[in-house]
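The sequence shown begins at 29 in the numbering used here and counts up by one. Quick reminder that beta carbons are idealized off the backbone N, C-alpha and C, glycines included. Only one structure is covered here, and it is reproduced in the block below.
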Amino acid sequence: MSTQPMDMRAGMDTTMAQVVRAFGYIKPHCAYLFCNKRGHRMKVLVHDGLGIWLCARRLEQGKFHWAQVHQGETVALSPEQLQALIQGLPWQRIGRQQVVTML
Numbered sequence: 029m030s031t032q033p034m035d036m037r038a039g040m041d042t043t044m045a046q047v048v049r050a051f052g053y054i055k056p057h058c059a060y061l062f063c064n065k066r067g068h069r070m071k072v073l074v075h076d077g078l079g080i081w082l083c084a085r086r087l088e089q090g091k092f093h094w095a096q097v098h099q100g101e102t103v104a105l106s107p108e109q110l111q112a113l114i115q116g117l118p119w120q121r122i123g124r125q126q127v128v129t130m131l
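Here it is, written out as structure tokens:
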């Protein structure tokens, strides 16, 4: 997950360039997440080993619980944290074994 906002008008090539800038590479079997400034739109770039997918999600109400810049330029998420984030839930409270780690 990138903590820097992204212009949601970006297409595949621009998003791939942003992934390389933020993460240094595009690794197979990984997902790279970006959010817009207002926090209600997300883009996900996925390398599935055969090709690259670019997906978008928009919340009709509320915002995604995005990582803050003070947490670093990029943040790694567990599969459970990713599921919570995509659903609009506070992923920061989900630990590696789905236990509460922060109040």
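Review point. DSSP puts residue 30 in a beta bridge; with which residues?
Key: 102
**Study point:** Cut-off 7 Å between Cβ atoms - residues of its own chain near residue 113, not counting five sequence neighbours on either side
**Key:** 92, 93, 105, 119
Review point. What three-state label does DSSP hand residue 92 in the structure shown?
Key: coil
Point to revise | Bounding residues of the beta strand (DSSP E) (the contiguous stretch that carries residue 38) | key: No beta strand (DSSP E) holds residue 38; DSSP gives it neither H nor E.
Practice item. Classify residue 45 as buried or exposed, calling it buried when 16 or more other Cβ atoms lie within 10 Å of its own Cβ. Key: exposed
Review point. Thinking C-alpha only, which one of 40, 41, 61, 57 is nearest residue 101?
Key: 61
**Study point:** For residue 70, the residue or residues it bridges with in DSSP
**Key:** 63, 85.
Review point. Do residue 143 and residue 87 have their CB atoms nearer than 7 Å?
Key: Nothing can be reported for residue 143: it is not among the residues displayed for the chain, which extend from 29 to 131.
**Study point:** With 16 other Cβ atoms within 10 Å as the buried cut-off, status of residue 78
**Key:** Under a 10 Å Cβ-count criterion, residue 78 is classified as exposed, with fewer than 16 other Cβ atoms of the shown protein chains found around its own Cβ.
Exercise for review: Report yes if the CB atom of residue 84 is closer than 7 Å to the CB atom of residue 65, and no otherwise.
Suggested key: no
Check your understanding: Cα separation between residue 35 and residue 123?
Key -> 30 Å
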